Structure formats: structure tokens, C-alpha cells
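No gaps in the numbering here: position 147 of the sequence shown is 186 in the numbering used here, and each next residue is one more. Note that the Cβ used here is the ideal one computed from N, Cα and C, for glycine as well. All of these numbers come straight from a predicted model, not from anything done at the bench. Shown next, in C-alpha cells, is the structure this report addresses.
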Amino acid sequence: MSIKKPSDKNTLDECVVLLHGMGRTSRSMDTMQNRLVSEGYHTVNLGYPSTSKTIGQIAENHFPEAYEQCLQFEPSSIHFVSHSLGGIVLRTVFKDQKPEKLGRVVMLSPPNQGSVAADKLIDWWLYKWLCGPAGQQLTTDDDSHPNQLGPVDYPVGIITGDRYYFFDFWLSRIIPGIDDGKVSVENARVDGMSDFLVVHETHPFIMTADYVHDETVYFLQNGKFKHQKTPLPPVSDSDWFSFPSE
């Protein structure tokens, strides 16, 4: 877990918890964390075992530590920024009890209605090995974990991508409609969300784009996105090999 505080000259009485996605670590959210710190937010960047625990176990056993760390800053509100699986962890936590001082939530590429990729790969041994118990819960079936969580009733802004990274080509081909190589644009939506934005980014790198940082900060401040025009990739060295999904 990475905890970073803003400078004394640029401090808000607000905290942001960051949650990474499947198979990643807290380091994948470092650039987002640094941007939030530069804007004056206290930040707690949570690392958790995304491939060895169920979503419920992650929500119950790992989320509380990050939340408690934020409370130590005595913030007026606590916001959340998640990538992929992290958004489903948040919805799981908030379904039964929304935390005290809950502010706003930005979800990046969340499989809010599950992922067709999980549907197709669920019985494949390599998928089971790579994605673990949580990966088995992310199908689009009506009784899958995401589809049992219901609508959101707190401020949620969703940013998802419409391009796939080269290595996700074969996954993009089996996902209907526009997608980011892992999750379709349609399945990123959730009933009750406050705003929705599609950007020219891929699933693995959406959290690194400067304009995604801009939109995230704007939502945390205003409860809506700017909906600025997004540049076409390449926008960084990390995702130069990306293609439109349709």
C-alpha cells in the first residue's frame, strides 16, 4: 500500500483511495496517484491479492485497511478511483454499507455487467490460473457477481476505452461491439451512474493517460466529466501498439 500526502501549500481536506485491477499491483496506479497528490489530495493506493481471493474476500479483508488509512487524515470526504476489478470491489463494499464521508467514485474500464471474455474463457485452465477465483465471478450471466450488485446510489463516473492493445486482439474479436480488449463499452455501464465517458484508450493503460487524469480530477471536483476531445493514440510509449476495436 502506497500512502502519499500533498505539500503543505497545496492541501485539500479530502482523501482518495485507489484500487488497481485484475493481475496488477498498486504500482499500476502510480501515475494517477501522483496526479491526485499534485491536485492536493491525500491518497492511499491499495495493493491486494486480485488473483488469489474472491471479490467478497477482497472487499471484506483488504478494503478496510485503505479506508482506515484515509480516515487518519481526518478528511471531510473520501473519494475512490478504481481500475477494472477494483470497481467491482467497491460496488461490493458499498452494496451493504456505504462508508462514512463517502465522496465521489471514478471507475476506469469496470466490468460492471461482467465481461464476455470471462464467459468464453471461464473453463480454460490458463484463465483459471491467471485470474483466480475473482475471474470466475466476472461473467455476464444474470447471477454473476457484478450483476447481483444492483444499481449505484452514490456519485459514480465511468471512463472506458474503445481501443485494444495488440496482445488483446483475439479477446477483442470475441467481444461484441466496441471494447477495450477486455470489457465492452456497454458492459462498463451501471444503472444509477452520474456520467459516462468513452476515450481512445486500451484496458491495460487507461489509467496512465494525462487526459484521463484530467477527467478524473474534474469529476472528483464537480460530479461530472468535462467531456474534452480525446487525442488518438499513440499518447505514450506504453500503448503505441493499439487499434480501434471497431
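Could you check the C-alpha separation between S116 and L177 for me, to the nearest Å?
Distance between the alpha carbons of S116 and L177 is about 30 Å.
Who are the near neighbours of I214 in its chain, counting only those whose CB is closer than 7 Å to its CB and skipping five residues on each side?
So the qualifying residues of the chain are V155, A156, S223.
Which two residues bound the contiguous beta strand (DSSP E) that contains S41?
It spans 41-43 - the beta strand (DSSP E) in which S41 sits, taken as one unbroken run.
Helix, strand or coil for T131, going by three-state DSSP, please let me know.
It is helical.
Quick check on DSSP: helix, strand or coil for R143?
Assigned with DSSP and collapsed to three states, R143 falls in strand.
Residue interval of the alpha helix (DSSP H) (run including L110)
Residues 102-110.
Of the choices S77, T90, L57, whose alpha-carbon is the least far from that of V83?
Among S77, T90, L57, the Cα nearest to that of V83 is on L57.
In the DSSP assignment, what residue or residues form a beta bridge with N151?
Bridge partners of N151 according to DSSP: G153.
Pick helix, strand or coil for S277, following the three-state DSSP scheme.
For S277, the pLDDT reaches just 47, beneath the cut-off of 50, and the residue's location in the model is therefore unreliable, although a value from the coordinates is still provided. Note: S277 maps to helix in three-state DSSP.
For L197, report the span of its alpha helix (DSSP H) as first-last.
Looking at the sequence shown, residue 197 is not Leu but Ile. Per DSSP, I197 belongs to no alpha helix (DSSP H); it is in the beta strand (DSSP E), 195-200.
Do the segment 41-56 and the segment 207-221 make contact, defined as three or more Cβ pairs closer than 8 Å?
Short answer: they don't touch.
N49 burial status per 10 Å Cβ neighbour count (16 or more: buried)
With a threshold of 16 other beta carbon atoms within 10 Å, N49 falls short and is exposed.
State yes or no: is the C-beta of E240 within less than 8 Å of the C-beta of V251?
In this structure, V251 lies closer than 8 Å to E240 by Cβ.
Over what stretch of residues does the beta strand (DSSP E) that includes I117 continue unbroken?
From DSSP, the beta strand (DSSP E) with I117 extends over 116-122.
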